[in-house]
Amino acid sequence: MAAFVLAVALTAALGTAVSAQLTLTELVNLGVAVTDQQRIEVTLHDLRMMAPLYAAVVAVGFLIALTTAGFMALLLPSFRRIVFLVAGAAAILTALYLMRELMGFQVLAGARTSFGLAMQVLCGAIGGYFFALIKRAA
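According to the working numbering, the sequence shown holds residues 98 to 235 in order.
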């Protein structure tokens, strides 16, 4: 259980921070001046306000994906870490796709571009891999 909670927290925190930075970069591209201090403040604000909501989305996705990956890892023990990495990535990709389809737009601003979506999927992959590392140690 601790491995799951830590993987969800890591993924949500990374995803939130990445989203904040990509959103600020888009503002800079529009000509808005953004200082390093503002980048830090926005990131900390998003970690407090958005990360808990994003963690709920990540938790639902990870519950399904990591449970499935656990069974697959039994069949493919040599590829255990890769199985969980792919499961984490798939969980985030699926969650973001479903949110976009249900809401009619991408709710997570930092995932509105192909690069932003790829970065969120990478955060999910990191979370899945982290889960595999911690769960193995437990």
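Beta carbons are placed, not taken as given, at the ideal position from N, Cα and C, and that holds for glycine.
Asked: Ser116, enclosing alpha helix (DSSP H) - first and last residue; Found: 99 to 126
Asked: 4-residue-minimum alpha helix (DSSP H) runs that sit fully inside the stretch 141 to 175, ordered along the chain; Found: 148 to 172
Asked: Rounded C-alpha distance that separates Val125 from Arg136; Found: 11 Å
Asked: Spatial neighbours of Ala162 in its chain, beta-carbon cut-off 6 Å, leaving aside the 5 residues before and after; Found: Ala184, Ala187, Ala188
Asked: DSSP state of Thr132 mapped onto helix, strand, coil; Found: coil
Asked: Helix, strand or coil at Ala235 according to DSSP, with G and I counted as helix; Found: Caution applies to Ala235, whose pLDDT of 49 falls short of 50 and renders its modelled position unreliable; the value that the coordinates give is listed next. Three-state result, Ala235: coil.
Asked: Environment of Ala235 [buried if 16+ CB atoms lie within 10 Å]; Found: With a pLDDT of only 49 at Ala235, under the threshold of 50, the placement of this residue in the model should not be trusted; the figure read from the coordinates follows. Ala235 should be labelled exposed.
Asked: Own chain residues within Cβ distance below 7 Å of Arg177, not counting five before or after; Found: Ala170, Ala229
Asked: Three-way DSSP call (helix, strand, coil) for Gln203 in this model; Found: coil
Asked: Neighbourhood of Ala208 by C-beta, 6 Å cutoff - its chain only, sequence neighbours within 5 removed; Found: Leu193, Leu214, Gln217
Asked: Beta-carbon separation (whole angstroms), Val155 vs Val105, contact threshold 8 Å; Found: 5 Å
Asked: Cβ pair Ala109, Tyr151 closer than 8 Å; Found: yes
Asked: Cβ neighbour criterion (16 or more within 10 Å) applied to Leu141; Found: exposed
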